[in-house]
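If you read the sequence shown in this note's numbering, its first letter stands for residue 2, the second for the next number, and so on. The structure appears below as structure tokens.
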Amino acid sequence: MSASHNEIRTEPRPNCFLCGSAGKSLYQDLPSALFETPGRWSFSQCPRSECGLVWINPTPVEADLYRAYENYFTHGGDNAGKRSGTSWRAVLYAGYRAMNHPGWVIAGIAREKARRARMFLDDFKPGKLLDVGCGDGKFLSEMQALGWAVDGIDFDAKAVQSAKQKYGLSLRHGDLRSAGLPSANFDTVTMSHVIEHVTDPVGLLTEIKRVLSAGGQLVITTPNIESLGHRKFGSCWFGIDAPRHLNLFSAKSLSDVALRAGFEIVNVGSTAASADVFIGASYTMQEKQGHRMGHQPTPSVLRTFKAVWWQYREHFAVRRDPVCGEELMAQCGKK
Ligand SMILES: [Zn+2]
2 MSASHNEIRT EPRPNCFLCG SAGKSLYQDL PSALFETPGR WSFSQCPRSE
52 CGLVWINPTP VEADLYRAYE NYFTHGGDNA GKRSGTSWRA VLYAGYRAMN
102 HPGWVIAGIA REKARRARMF LDDFKPGKLL DVGCGDGKFL SEMQALGWAV
152 DGIDFDAKAV QSAKQKYGLS LRHGDLRSAG LPSANFDTVT MSHVIEHVTD
202 PVGLLTEIKR VLSAGGQLVI TTPNIESLGH RKFGSCWFGI DAPRHLNLFS
252 AKSLSDVALR AGFEIVNVGS TAASADVFIG ASYTMQEKQG HRMGHQPTPS
302 VLRTFKAVWW QYREHFAVRR DPVCGEELMA QCGKK
């Protein structure tokens, strides 16, 4: 365990947790580009191409992980709303979406973004839904309006409080394993951008499988280490987010985690639905390389054009190469 240069204590994690292979160094001494977390961070990659897991090494010790979130604004909780500049940014973003909407409709991007926002559940009959890492409940409130009976859990107390105020949803605060939910209780569990943050992905999925009914399904989204964005931006890719992202998955390694937890893989692929967000943020990180940056970069017209161009490019590229999108989507079934 070492605390000499990091305020967050770390421990070495030399081997791939999935296949046991010794990792080879991928990135070294990256600053935490988002949220101004102290420390420099390195990543290892599993050398087996059929695995491809990437992980932070040395890794934050579990007791210090909370420090990685001290400046983090999750899911639009109270803190986010009070930050100066949030409202005009929201207006700019709404304008951006409105301007792009006609093109997105024609290209099919609007449909993909909507499917992504509903965690690809459009084709399923509404039932009992649990969202793990539910944030302020925006997703759950939309799903409730579509007829789902919703429940959610998040480690961020402010986000859970905000869900009550904004949407009248009574959600759970804490982590899934301590919550002790009844077995075989949900038809669907969703988990968006959570699995990359946890120390024991197989343990978490095993618990999810327990709370799912037989025939139930789990839908996961997470940054895709084999995406076009990571290939282009490398250590400046938005999906890296050290030291909060402990593991970064490929389609194969994400499938392996689900199989180990006893799921069957119904479908695994990727989506370019959030390519503009990932690529726009990656350009910012590339521009600021080596410098600490706040979490709210100055808007730029050029960067916006580049992000929009990438949104189209990746949307069509995913048709030829199903695992090149910025986010992985895995749909896993409980037998
Ligand atoms: Zn491996």
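For glycine and all other residues, C-beta sits at the position ideal for the given N, C-alpha and C.
Since A164 is in the alpha helix (DSSP H), which residue starts that stretch and which ends it?
158-168
Using DSSP with H/G/I as helix, E/B as strand and the rest coil, what is A23?
strand
Beta carbon nearer than 6 Å to a non-hydrogen atom of ligand 1:
C17, L19, C20, S22, C47, R49, C52, L54
Expressed to the nearest angstrom, what Euclidean distance is found between the alpha-carbon atoms of G53 and G138?
33 Å
Just the Cα atoms here: how many angstroms apart are Q101 and A64?
The sequence as given places Asn at residue 101; Gln does not occur at that position. Each residue's Cα considered, the two are about 44 Å apart.
What residues in its chain sit with their C-beta under 7 Å from that of S142, if we drop five residues either side in the sequence?
Y168, L170
Examine ligand 2 and report whether any of its heavy atoms sits within less than 7 Å of the Cβ of M120.
What this structure holds is ligand 1, not ligand 2.
Specify whether the stretch 105-117 and the stretch 125-133 touch according to this definition: at least 3 beta carbon pairs, one from each stretch, less than 8 Å apart.
no
Which value, in whole angstroms, describes the spacing of the CA atoms of Y94 and G21?
44 Å
Could you tell me whether the stretch 143-158 touches the stretch 199-216, where touching means 3 or more Cβ pairs closer than 8 Å?
no
Looking at the C-beta of G134, does it have a partner C-beta in chain B at a distance below 8 Å?
This model lacks chain B altogether; it includes just one protein chain.
Per DSSP, what kind of secondary structure is D188 in: helix, strand or coil?
strand
Roughly how many angstroms lie between the CA atoms of L255 and T60, to the nearest whole one?
19 Å
Tell me whether F239 sits in a helix, a strand or coil according to DSSP, three-state version.
coil
So within the stretch 196-231, which uninterrupted beta strand (DSSP E) runs reach at least 3 residues, ignoring any that extend past its ends?
213-224
Could you check if Y67 is buried or exposed, using at least 16 other CB atoms within 10 Å of its CB as the buried criterion?
exposed
Going by Cα to Cα distance, which pick from N16, Q312, E265, E71 is closest to F44?
N16
Classify S85 as buried or exposed, calling it buried when 16 or more other Cβ atoms lie within 10 Å of its own Cβ.
At S85, the pLDDT of 48 sits below 50, so the modelled position is not reliable and the matter cannot be decided from this model.
Euclidean distance between Cα positions of D30 and P103
43 Å
Would DSSP call L249 helix, strand or coil?
strand
Considering only their Cβ atoms, is the gap separating G153 from D132 smaller than 8 Å?
yes
Identity of the residue in N58, T223, G217 nearest S251 by Cα
T223
Determine the extent of the beta strand (DSSP E) in which S45 is found, giving its start and end residues.
41-46
Answer with buried or exposed for Q46, where buried requires no fewer than 16 other C-beta atoms within 10 angstroms of its C-beta.
buried
For G216 and F187, the rounded distance between their alpha carbons
10 Å
Considering only residues of the same chain and omitting the five flanking positions on each side of E113, which have a CB-CB separation below 6 Å?
A274
By Cβ distance below 6 Å, which residues in the same chain neighbour V199 in space, the five residues on each side in sequence not counted?
L205
Measure the Cβ-Cβ separation of Q312 and I110 and say whether it is below 8 Å.
yes
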